[in-house]
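Accompanying notes for the structure given below.
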Amino acid sequence: MARRTLRLIATLGVASAVMLVAAGPAWAAGETIGGCVLEQVHHAEEEYGSLGAVEADEKAFKAFEEDLEGCVEAPSPILPELDEIIWGGLAFLILFAFMWWKGFPAVKRAMDARSEKIRADLDAADTAKADAMRTKSEYEAQLAEAKTAAAAIIDEARGQADQLRQDLQARAEADIAEQRTRAAADIESSRRQAIDDLRTEVAAIAVGAAERVVGASLDADVHRSLIDGYIDEVAGAGSNGDGS
Amino acid sequence: MSILALEFPPYSHLFDWPTIWLDGTPLAINKTVLIYLAATAATMVLFGLAGRPRESLVPVGVQHVAESGVNFIENSVVMQTIGPDGRKFMPFLTSMFFFILFSNITEVIPFIQFPANGRMAIPITLALLVWVIYNVVGVKSQGLFGYLKNSIFPPDVPKVLYIIVTPIELVSTFVVRPFSLAIRLWANMVAGHLLLVTFAILTATLWDFFYVPAALPFVMLILMTAFEILVSLLQAFIFTILTAVYIGGSMHPAH
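If you read the protein sequences in the order shown, they are chains G and D.
Taking the working numbering as reference, the numbering of the first sequence is continuous, increasing by one, and the terminal residue is 257.
Taking the working numbering as reference, the numbering of the second sequence is continuous, increasing by one, and the terminal residue is 1386.
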């Protein structure tokens, strides 16, 4: 605080000194139009003798006109009237000191608050961006995991399907083999039944035929054993001959 | 000039500055021209410094002034008068605001103590530029016939009133506007400058005779200095917002 006050006092001192030094030319320039015109008239009379002589010389008259017009313009091309410089400058310096004391700290606080708000907004935006990136990474990881899991499920399903197909195929082949075996057994059984039936029928026919040929009645049991023997022989020859 | 025993400087001494360089040519330079050149340079330096590429987006120093100025022009001028499609006029309006402000504010700066806009040249030039811009914008937005029709016969006005409204609008839109715009700025700066000079002369005169009573006009001078800073800002704002209103009116006749 003390350093700031010293700096302010030094600034005001330097500014006041500069103001007073620089205001010197303006002091001299602070003249009236009438005084200036009078001075120009005297100057012209001294140079040309009288105003009539000035009027007679066209070149001198033009120069005199320009000199008079110069009286209307501000005396200094840059500096304002001395009174205005001193009192206006002093008023400005007092106002500046007040603003330095009260106004600028308030403005600085507002600027700092604005900077802080922008910094906080930028930080929040960075955080939000980082969060979004993290969420995106998580989603991507989850997506990759889901894809891997889906691929594993598909592979497993494919393996199960293959296994099922192989099982079904094996079962079907076993069923076919069983049915084929059962059919062969049925065929064999039927063949044996047919042979037995045929044997009975042939034995009866043969006994009947033999009775008629021989005219004598033979013992039925003897005939039957003879016939069975014959049929077995025939059946054995048939089996060996065509394979059925 | 003596007014009520006060030796008041002639008006020409307060506003008519002799040529410093290139006397007698159209490019002659005097104090007023120097102030305008300084105002141009100050505007360029302000935005040049504020627009420098930086690593951090957090504003510092003059960047606050430039950004606040741009935000102010956008939110308080463009969006209020033209709307979102007026953003293309932001560079023009912002440059004009700061140029007028810097040209005005010199009236309180020691050793300068003269508002460049206390001379009519630039206010009327800017006003004529604005006149050209809002008329071109009107013709481009509505077509020549539509612009003239909507300007002279404003929509939503009962037809009977056209007898009164049409001549007023004709003169107001195409003749008076640039002059009212220029004179408002010029007259305010002239009045402010005269007030400051008056209180300075009054203080100086009283100081020569009685020290204590001189405090009163001096306090007034301090207050007027603060007030003229406000007026400088306000006149720059008024010139800019009226420009935006005229452009907005040319773009959207219903407004």
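In this text, a Cβ means the ideal position worked out from N, Cα and C, and glycines have one as well.
Just so we're clear, the structure is a prediction, and the values are computed from it rather than from any experiment.
I'd like to confirm the pairing. Which residues does DSSP put opposite I1160 of chain D in its beta bridges?
D:W1152
Just mark E246 of chain G as buried or exposed, buried being the case when its beta carbon has 16 or more other beta carbons within 10 Å.
exposed
Under three-state DSSP, which class holds E1138 of chain D?
strand
What do you reckon, are the CB atoms on P1241 of chain D and I98 of chain G nearer than 8 Å?
yes
For a contact meaning CB atoms closer than 9 Å, what does L1180 of chain D contact in chain G?
What L1180 of chain D touches in chain G: nothing, since even the nearest Cβ is about 15 Å away.
Could you tell me whether the segment 1222 to 1234 of chain D touches the segment 1282 to 1302 of chain D, where touching means 3 or more Cβ pairs closer than 8 Å?
The segment 1282 to 1302 of chain D and the segment 1222 to 1234 of chain D do not touch, with fewer than three beta-carbon pairs separated by less than 8 Å.
Below 7 Å CB to CB, which residues in the same chain sit around Y152 of chain G once its five sequence neighbours on both sides are set aside?
Same-chain partners within the cutoff: there are none.
Count the other CB atoms within 10 Å of the CB of R1183 of chain D; is the residue buried (16 or more) or exposed (fewer)?
exposed
Suppose the cutoff is 6 Å on Cβ atoms and the five residues either side in sequence are ignored; what does the same chain contact list for A1197 of chain D look like?
Same-chain partners within the cutoff: L1177, F1178, A1181.
Does DSSP put A41 of chain G in a helix, a strand or coil?
Confidence in A41 of chain G is poor, its pLDDT being 40 and thus under 50, which makes the residue's placement unreliable; the coordinate value appears in the next sentence. In this structure, A41 of chain G counts as helix in the three-state DSSP scheme.
Between D:Y1142, D:N1161, D:M1175, D:A1357, which has its C-alpha nearest T45 of chain G's C-alpha?
D:Y1142
Apart from the five residues just before and just after G1217 of chain D, which ones in its own chain have a Cβ nearer than 6 Å to its Cβ?
V1209
Check whether the segment 1258 to 1266 of chain D and the segment 1300 to 1311 of chain D are in contact - that is, three or more C-beta pairs closer than 8 Å.
yes
Contact criterion: CB-CB distance below 8 Å. Does I22 of chain G meet it with respect to chain D?
no
Starting from the beta carbon of D1339 of chain D, find every residue of chain G whose beta carbon is closer than 7 Å, and list them in chain order.
Neighbours of D1339 of chain D on chain G: none; closest Cβ ~10 Å, over 7 Å.
I need the straight-line Cα distance from P1285 of chain D to M1221 of chain D, nearest angstrom please.
Note on geometry: alpha-carbon atoms of P1285 of chain D and M1221 of chain D lie some 27 Å from one another.
CA nearest to the CA of V1193 of chain D, picked from G:V120, G:L103, G:P88
G:V120
Residue interval of the alpha helix (DSSP H) (run including E94 of chain G)
No alpha helix (DSSP H) contains E94 of chain G, which DSSP labels as neither H nor E.
Beta-carbon contacts of G1269 of chain D that lie in its chain and below 6 Å, excluding the five residues immediately before and after:
Y1278, S1381
G101 of chain G: which of D:A1375, D:L1354, D:F1370, D:I1372 sits nearest, CA to CA?
D:L1354
Stretch-stretch touch, CB-based, cutoff 8 Å, three pairs: the segment 1346 to 1366 of chain D with the segment 1320 to 1334 of chain D:
Using a C-beta cut-off of 8 Å, the segment 1346 to 1366 of chain D makes contact with the segment 1320 to 1334 of chain D, since at least three inter-stretch Cβ pairs fall below that distance.
Any idea what DSSP makes of L1312 of chain D, helix, strand or coil?
helix
What residue does the alpha helix (DSSP H) around V1270 of chain D start on, and which one ends it?
1252 to 1273
Does the beta-carbon distance from G83 of chain G to P1149 of chain D come in below 8 Å?
yes
Compute the distance between the beta-carbons of E1138 of chain D and V1239 of chain D, then report whether it is under 8 Å.
no
Relative to the alpha-carbon of N1202 of chain D, which residue among G:R127, G:E94, G:E79 has its alpha-carbon at the smallest distance?
Checking every option, the nearest Cα to that of N1202 of chain D belongs to G:R127.
Using the rule of at least 16 other Cβ atoms within 10 Å of the residue's Cβ for burial, across every protein chain shown, is K1271 of chain D buried or exposed?
exposed
So does the segment 1338 to 1345 of chain D actually touch the segment 1366 to 1374 of chain D, counting three or more Cβ pairs closer than 8 Å?
no
Looking at S1151 of chain D: is its Cβ nearer than 8 Å to the Cβ of P90 of chain G?
Here residue 1151 of chain D is Ile; the residue named in the question, Ser, does not match the sequence. One thing to note: I1151 of chain D has its Cβ within 8 Å of the Cβ of P90 of chain G.
Nearest-angstrom Cα separation, counted from R171 of chain G out to E191 of chain G
A direct Cα-to-Cα measurement between E191 of chain G and R171 of chain G gives close to 30 Å.
What's the C-alpha gap between T1297 of chain D and V1350 of chain D?
50 Å
Environment of K130 of chain G [buried if 16+ CB atoms lie within 10 Å]
exposed
Answer yes or no: does any C-beta atom of chain G fall closer than 8 Å to that of D1154 of chain D?
no
Residues from the segment 1172 to 1198 of chain D in contact with chain G, defined by Cβ distance under 8 Å:
L1188, V1189, P1190, V1191, H1195
In chain G, what lies closer than 7 Å to K1162 of chain D by C-beta?
Chain G residues near K1162 of chain D: P90, I91.
Are P118 of chain G and F1245 of chain D close, meaning C-beta to C-beta below 8 Å?
no
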